[in-house]
Amino acid sequence: MSKKVSVSEILKRAKFDPFRFPNVVGFSEELRPKIVNGKETSVLAIRIYVKEKKVKEELKPNEIIPTAIGSYATDIIEIGEIKALSVLDRKARFNIIPGSVSVAEEHITAGTHTMALRDKIDGKIVTSSNWHVFGFGKVDTPGSRILQPGPYDGGKTETDTYARLKRWVPIKSGQEWSIWKQIFCLFFGWLLGDYCRIWDNKVDFAVGDLTGDRLVEMGVLRDDGSTFKPSSKGRARIGDQVWKVGRTTGETSGQVTDDNATISINYGFATFTLREQILTNKMLEPGDSGSPLFKMGTNDLVGLGLAGSNITSVFSHWENIEAYGQVELI
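Numbered according to the working numbering, the sequence shown spans residues 487 to 816.
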């Protein structure tokens, strides 16, 4: 059993700094049984940790740690170089692509891969995200290349294409109308109601066909490195505690503040209005577009992130994603 003797005090009295030796990475703050031939002995020693234990002949004179400091023996223990464990890198290239990592069409910066889904129309497995991540505003061409990681995170068309744009749910502004309808609705829209409703948009969503170069994971990558595959769906309600996982901020949690909001969203090149949106406290940052939203506790899939401000985040209801996007969980 080691005595409660402060090794720091011993070193201070001896005017000995172990870190002046380039191989040293630390020491134990208490005296420990000296280890000889892999077994602890009854001799209490100052345990000094090094990157690599070497024989004396391989060391320069200034690299040799003394066999004793004061009246205490030293015990040299190899533990390797200590490095900070890196945070999960969602901007890296994945050979098997999970949900919640960096993706984007080749002309876009970067967004979040929602997850692999099944196309209800042809039964194929598709990749998914927001329309504005897969090309909206830049390209509207089926077959456009989708990269993982996205171009902003180093993705290259030549080496990182894993899918091609298959279809999207168009977001309309009213500019698609004839000039006569635009004029008519400008003056009489208050009377004509749904005929002149220009913002019947409910989702920002697109899917891509896999090229076969890489596989996609049937779930989302959590911060602990595990993959969560949603098996149930639900509807977000005001007051619900929720969590999301995205390319920029990883996992964040929040609370639903509105479950049926009509919101005007600035896409940079134009502003569009979407209905039936979920609002939460701030959960999204740029690059998190496409993040799936889950209900805390049940882990029901309830929404898809698409926009936000410095105060709030906007998600579309998952039931609308499936209805308008013609997709389903695998």
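All C-beta atoms, glycine included, are put in the ideal place defined by N, C-alpha and C.
Check, Outcome
"State the Cα-Cα distance for the pair residue 754 and residue 687, rounded to the nearest angstrom.", "18 Å"
"For residue 739, which residues from the same chain have a beta carbon less than 6 Å from its beta carbon, with the 5 sequence-adjacent residues on both sides left out?", "729"
"Excluding sequence positions up to five away, which residues of its chain have a Cβ less than 8 Å from the Cβ of residue 527?", "519, 520, 521"
"Could you tell me the distance, in whole angstroms, from the CA atom of residue 543 to the CA atom of residue 551?", "13 Å"
"What is the DSSP secondary structure of residue 719, counted as helix, strand or coil?", "strand"
"For residue 714, which residues of its own chain have a beta-carbon under 6 Å away from its beta-carbon, when the five flanking residues on both sides are left out?", "705, 706, 708"
"Which residues bound the beta strand (DSSP E) around residue 479?", "Nothing about residue 479 can be reported from this structure: the residues present for the chain run from 487 to 816 only."
"Which residues in the same chain as residue 462 place their Cβ atom closer than 7 Å to its Cβ, once the five residues preceding and following it in sequence are excluded?", "Residue numbering for the chain in the displayed model covers 487 to 816; residue 462 lies beyond these limits and cannot be assessed."
"Do residue 692 and residue 616 have their CB atoms nearer than 8 Å?", "yes"
"Can you give, in chain order, each stretch of the beta strand (DSSP E) that sits fully within the segment 595 to 650 and has at least 3 residues?", "603 to 605, 611 to 615, 631 to 633"
"What span of residues does the alpha helix (DSSP H) with residue 493 cover, start to end?", "493 to 499"
"Under 8 Å between the Cβ atoms of residue 541 and residue 510?", "no"
"List the DSSP bridge partners of residue 730.", "738, 779"
"Can you look up residue 692 in the DSSP assignment and give me helix, strand or coil?", "strand"
"Using three-state DSSP, classify residue 767 as helix, strand or coil.", "strand"
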